[in-house]
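There are 2 protein chains.
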Amino acid sequence: MLSYTEENYLKTIYHLSENGSKDVTTNGIADAVNTKPASVSDMLKKLAQKSLIDYIKYQGVTLTDEGRVKALKIIRKHRLWEVFLVNKLSFNWDEVHDVAEELEHIKSPLLIKRLDEFLGFPQFDPHGDPIPTEDGIINHKRSVPLHQMEIGMSGVVVGLNETASSFLQFLDKIGVYIGVKIKVLDKSSFDHSVEIEIDQTSKMMISNEVAKNLNISE
Amino acid sequence: MLSYTEENYLKTIYHLSENGSKDVTTNGIADAVNTKPASVSDMLKKLAQKSLIDYIKYQGVTLTDEGRVKALKIIRKHRLWEVFLVNKLSFNWDEVHDVAEELEHIKSPLLIKRLDEFLGFPQFDPHGDPIPTEDGIINHKRSVPLHQMEIGMSGVVVGLNETASSFLQFLDKIGVYIGVKIKVLDKSSFDHSVEIEIDQTSKMMISNEVAKNLNISE
DNA sequence: AAAATATTTTAGACTACTCTAAATTAAACC
DNA sequence: GGTTTAATTTAGAGTAGTCTAAAATATTTT
Ligand SMILES: [Mn+2]
Ligand SMILES: [Mn+2]
Ligand SMILES: [Mn+2]
Ligand SMILES: [Mn+2]
Chain V
1 MLSYTEENYL KTIYHLSENG SKDVTTNGIA DAVNTKPASV SDMLKKLAQK
51 SLIDYIKYQG VTLTDEGRVK ALKIIRKHRL WEVFLVNKLS FNWDEVHDVA
101 EELEHIKSPL LIKRLDEFLG FPQFDPHGDP IPTEDGIINH KRSVPLHQME
151 IGMSGVVVGL NETASSFLQF LDKIGVYIGV KIKVLDKSSF DHSVEIEIDQ
201 TSKMMISNEV AKNLNISE
Chain F
1001 MLSYTEENYL KTIYHLSENG SKDVTTNGIA DAVNTKPASV SDMLKKLAQK
1051 SLIDYIKYQG VTLTDEGRVK ALKIIRKHRL WEVFLVNKLS FNWDEVHDVA
1101 EELEHIKSPL LIKRLDEFLG FPQFDPHGDP IPTEDGIINH KRSVPLHQME
1151 IGMSGVVVGL NETASSFLQF LDKIGVYIGV KIKVLDKSSF DHSVEIEIDQ
1201 TSKMMISNEV AKNLNISE
């Protein structure tokens, strides 16, 4: 049985190894779980002990198969709860993360089975992230960050690389959400900002920083 | 901010002071929270420190007003989640307690507000227990344990004094649930078992032990 | 390749909660 | 009222997780 804390470390290690293609470092984990590197070292020993990670001192960490499955189960719960909060309790998509961070630790397989059913077996969470299956299979959609698209190309927003409230609220304001159609009208070679057409109607200028965090598919 | 553990102690103290009219003892609490009396003594000091309880060594404990409100907020959450599990996720009434025991500690006022709304502002949980309001007002229904009713009297099951799965499943089997009408047909002076009519149709003999745990109102 | 710097680990200590064993106080018995 | 028993509290110690400061190792710079 994993503790609340162990679960958070595992999940964090998973996320860090997915995102950056670099290896997962002690400082990186410390940063993500909001502790000091010394504490992380201790925890890494514990997780290695339980063979949830492969860990060699001074070199990075990788999840074992067992660790990966455990991490994905927590992520599954996190994302299902987010769907619940948004679809059933009408939370905004920028309000769900912290609550889901707690709810993901509730230990009841039946609860998650029934919740999944109740929500109609959703495939994606409110931020466009895929919901892993019970046995840890996750459906990575192929997508491109908006700033890498060519002028004239178009596609659909399928995911985000940033979940900060300020970012989500900004997207709300400009009418961008998961599933909306985006066309690249122009790209400034000066500051790399991007001019886009949203939903075949409104035109907008967005910064490169914003463009980087919008994943487009099709 | 209260810890998970502190919340469980508070809630337990509340329940112990409601039920038995006797005072709340260290051993009683230890029994209820599944720890040793020594640990309880420590915690009582802590809760007294935070002025959530009045505590004098070797004499019992009582909740302060602040402590009572805190306890009722947890109980409110517990019971709302139970309603959710039964009404929305089709849990049986004997399956909800342990999960609610975890869910009650999720810290989000908005979540509870929305959940309450989503459930249609229920007044009672699946076991017939009243759901306290946000500001800690609880509606104690007047009721009598079935074994105290006179022959010929009838009423409606409004609550239970026992939540063990085995008891709830037994009630399922004999067709007793919250809201069902019961009439007392006879009482044995030998073993104090009670003959009842359920729902104006089936007749049953139930033990005194069972009768004690069914609260009837009218 | 040596020196300087950054990263990571260890050592030692702290908090929250728990336990067993011993000491204290209260309650029950005679 | 004094003795026995039961309830409660204290003392001392353990686990999980955290921290700071110091030591060890790796990386970068010159
Ligand atoms: Mn979490
Ligand atoms: Mn999400
Ligand atoms: Mn609880
Ligand atoms: Mn209940």
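So the protein sequences, as listed, match chains V and F.
Each step along the first sequence adds one to the number in this note's numbering, with nothing skipped, and position 14 is 14.
Each step along the second sequence adds one to the number in this note's numbering, with nothing skipped, and position 162 is 1162.
For glycine and all other residues, C-beta sits at the position ideal for the given N, C-alpha and C.
- The three-state reading of DSSP puts Ile53 of chain V in strand, counting E and B together.
- The alpha helix (DSSP H) runs lying completely inside the stretch 50–125 of chain V and spanning 4 residues or more are 65–83, 97–103, 109–118, given in chain order.
- Counting only beta-carbon distances shorter than 6 Å to the non-hydrogen atoms of ligand 2, the qualifying residues in chain order are V:Arg79, V:Glu82, V:Asp125, V:His127, V:Asp129.
- Across the stretch 1094–1109 of chain F, CB contacts with chain V closer than 9 Å involve Glu1095, Asp1098, Val1099, Glu1102, Leu1103, His1105, Ile1106, Lys1107, Ser1108, in sequence order along the chain.
- Lys212 of chain V carries a helical assignment under DSSP once its states are collapsed to helix, strand and coil.
- For Ser90 of chain V, the neighbours in chain F by C-beta distance under 8 Å run, in chain order, Arg1114.
- Checking the DSSP bridge columns, you'll see Met1204 of chain F partnered with F:Ile1196.
- The residues Ile1198, in chain order, have a CB closer than 6 Å to that of Gly1175 of chain F in the same chain once the five nearest residues on each side in sequence are set aside.
- Listed by position along chain V, the residues whose Cβ is nearer than 9 Å to that of Phe1118 of chain F are Lys88, Leu89, Ser90.
- Ranked by how close their Cα comes to the Cα of Thr1163 of chain F, the residues F:Lys1011, F:Trp1093, F:Ala1038, F:Leu1010 have F:Trp1093 in first place.
- DSSP, read as helix, strand or coil, puts Pro145 of chain V in strand.
- Under DSSP, Lys181 of chain V forms a beta bridge with V:Val156.
- By the criterion of at least three beta-carbon pairs nearer than 8 Å, the stretch 1039–1050 of chain F is in contact with the stretch 1006–1016 of chain F.
- By DSSP's assignment, Asp1023 of chain F forms no beta bridge with any residue.
- With a cut-off of 7 Å, the C-beta of Glu104 of chain V is classified as near ligand 1, since at least one heavy atom of the ligand falls inside that distance.
- Leu1168 of chain F does not reach chain V, its nearest Cβ partner there being about 16 Å away, counting only Cβ pairs nearer than 9 Å.
- Proximity of chain F to Leu80 of chain V at the Cβ level (cut-off 9 Å) is not reached, the minimal Cβ distance being about 12 Å.
- For Ser1189 of chain F, the three-state secondary structure derived from DSSP is coil.
- With 16 or more other Cβ atoms from the protein chains shown falling within 10 Å of its own Cβ, Arg1079 of chain F counts as buried.
- Cβ neighbours of Gly1136 of chain F within its own chain (closer than 6 Å, five residues either side excluded): Val1069, Leu1072.
- Taking the C-beta atoms as reference points, Ala1032 of chain F is found no nearer than 8 Å to Leu1052 of chain F.
- Listed as beta-bridge partners of Ser1165 of chain F by DSSP are no residues whatsoever.
- For His15 of chain V, the enclosing alpha helix (DSSP H) begins and ends at 4–18.
- For Pro130 of chain V, the secondary structure class from DSSP, reduced to helix, strand or coil, is strand.
- By the 16-neighbour rule on beta-carbons within 10 angstroms, Lys77 of chain V is buried.
- When Cβ-Cβ separations below 8 Å define contact, Leu1002 of chain F makes no contact with chain V.
- In this structure, the CA atom of Gly67 of chain V is about 41 Å from the CA atom of Thr1026 of chain F.
- Counting the other Cβ atoms within 10 Å of the Cβ of Asn34 of chain V gives fewer than 16, which makes it exposed.
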